[in-house]
Amino acid sequence: MKKSRCALLVVDGEVIVKKFPLSRKKCMIGRAHDADLVLSSREVSRHHAVVHPAGAHYRIDDLNSTNGTVINGNVVRTHVLKPGDEIAIGDALIIFDDGSVKPAYFDETHVAPRGGETAIIEDKFMSLQQKIKDKNLKTEFKDIEHVVRKSRKRLSSLVHEDKLTGLYNRHYFDKKAQEELTRAEHKQTPLSILFIDIDRFKKINDTYGHKTGDKTLRTVSKLVRSLCRKSDIVARYGGEEIVVVLPNTLTYDAVKVASEIRTIIARQTRNALGFRVTVSVGIATFPAHGNSLKVLLDNADRALYRAKREGRNRVSTYNAERD
154 MKKSRCALLV VDGEVIVKKF PLSRKKCMIG RAHDADLVLS SREVSRHHAV
204 VHPAGAHYRI DDLNSTNGTV INGNVVRTHV LKPGDEIAIG DALIIFDDGS
254 VKPAYFDETH VAPRGGETAI IEDKFMSLQQ KIKDKNLKTE FKDIEHVVRK
304 SRKRLSSLVH EDKLTGLYNR HYFDKKAQEE LTRAEHKQTP LSILFIDIDR
354 FKKINDTYGH KTGDKTLRTV SKLVRSLCRK SDIVARYGGE EIVVVLPNTL
404 TYDAVKVASE IRTIIARQTR NALGFRVTVS VGIATFPAHG NSLKVLLDNA
454 DRALYRAKRE GRNRVSTYNA ERD
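Residue 154 is where the sequence shown starts when you use the numbering used here, and the numbers rise one by one after that.
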């Protein structure tokens, strides 16, 4: 491995937004301004992790961060980096590159329609700001940087959104849900998943038309999102199905959340749509109902379909004997 070619590639959506050459003795990653690679997410600790030479290789060490450092889906304290390793710190994805990696992302110089060019400009601003001595110019650059950050955040969020509902899309859900499950395993905390399905949705489309069907899905999605916490992950899973990840939530509390969602939707949709809409909800909880994301989703889905079989407009928790 030629160390002169090694770099950390920061990826946002499908865009490489920053390339950080590992030419120094070490690279501090964190939220603090004195970090070498600054990540502004609140999920990132001030001094989160450090990458440094280890013989012929590079090693990453977690610095007792609050939310942990995840390499290829596993929480690590220390790890010798290999080409192509994916490092998840907060909501940032970083790829370790020794010059040979060809990730399936756009090149960093590509003017992509998803905000990649905005992020590259931001990186240039940060570099120039360090060279400017005049205080007024520094302030002006800081204002511009703030605008660029805001713009980039909005453009980036569009990549993760389902166009119809405004919820997260399936691709982004898969990534974030796995990160939350990994965090729950690391911290030994519970995590619950809700599978929500609109009852008799085909009949709504057949009776009122697909435009009304779309409006129904948007209305239900908005109600679900409003009843969840900021830390919850709410996504359109497919068709009329909505999936919610509730971090640090026991089954008992997940049932309360699901029951409130079911009740509010049944009560408020008539005013919004002119007809009453109901939903059925299935629940599965880590670790009681499974240790992997696939198993938890499958079991929440089984619980959902039992709720359907038993009459719809109800909440069911996964039960191995009944599902």
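Even for Gly, the Cβ is constructed at its ideal location relative to N, Cα and C.
Practice task
Kindly indicate which three-state DSSP category T222 falls into: helix, strand or coil?
Solution key: strand
Problem - Nearest candidate by alpha-carbon position, reference H205, set L380, V223, L216, Y390 - result: L216
Handout entry: Beta-carbon proximity list for L162, same chain, < 6 Å, skipping 5 on both sides
Key = I169, K172, I248, D250
Practice task
Whole angstroms is fine: what's the gap from D189's alpha carbon to I242's?
Solution key: 14 Å
Practice task
With a 10 Å radius around its C-beta and 16 neighbouring C-beta atoms as the bar for buried, classify Y258 as buried or exposed.
Solution key: Here Y258 scores only 41 on pLDDT, less than 50, and its place in the model is too uncertain to base an answer on.
Handout entry: Contact set for A207: own chain, Cβ-Cβ below 7 Å, skip 5 residues either direction
Key = V233
Exercise for the section: Counting only the same chain and skipping the five closest in sequence on each side, list residues whose C-beta sits under 7 Å from that of T262. Expected result: A caution first: T262 carries a pLDDT of 37, below 50, which makes its placement in the model unreliable, though a value can still be read off. Correct list: empty, nothing qualifies.
Practice task
Pick helix, strand or coil for A425, following the three-state DSSP scheme.
Solution key: helix
Handout entry: Three-state secondary structure assigned by DSSP to S469
Key = strand
Handout entry: Nearest residue (CA-CA) to Q421, options V373, A437, S218
Key = V373
Handout entry: DSSP state of K235 mapped onto helix, strand, coil
Key = coil
Handout entry: Straight-line Cα distance separating N424 from G226
Key = 44 Å
Practice task
Answer yes if the region 367-383 comes into contact with the region 435-453, meaning at least three C-beta pairs across the two stretches below 8 Å, and no otherwise.
Solution key: no
Handout entry: Beta-carbon contacts of G366 that lie in its chain and below 6 Å, excluding the five residues immediately before and after
Key = I357, N358
Handout entry: Pairwise C-alpha distance: Y325 and K316
Key = 13 Å
Practice task
Report, in whole angstroms, the separation of the C-beta atoms of A337 and P400, which I expect to be a contact under 8 Å.
Solution key: 7 Å
Exercise for the section: Keeping to the same chain, check which residues put their C-beta closer than 6 Å to that of T219; ignore five residues upstream and five downstream. Expected result: S198
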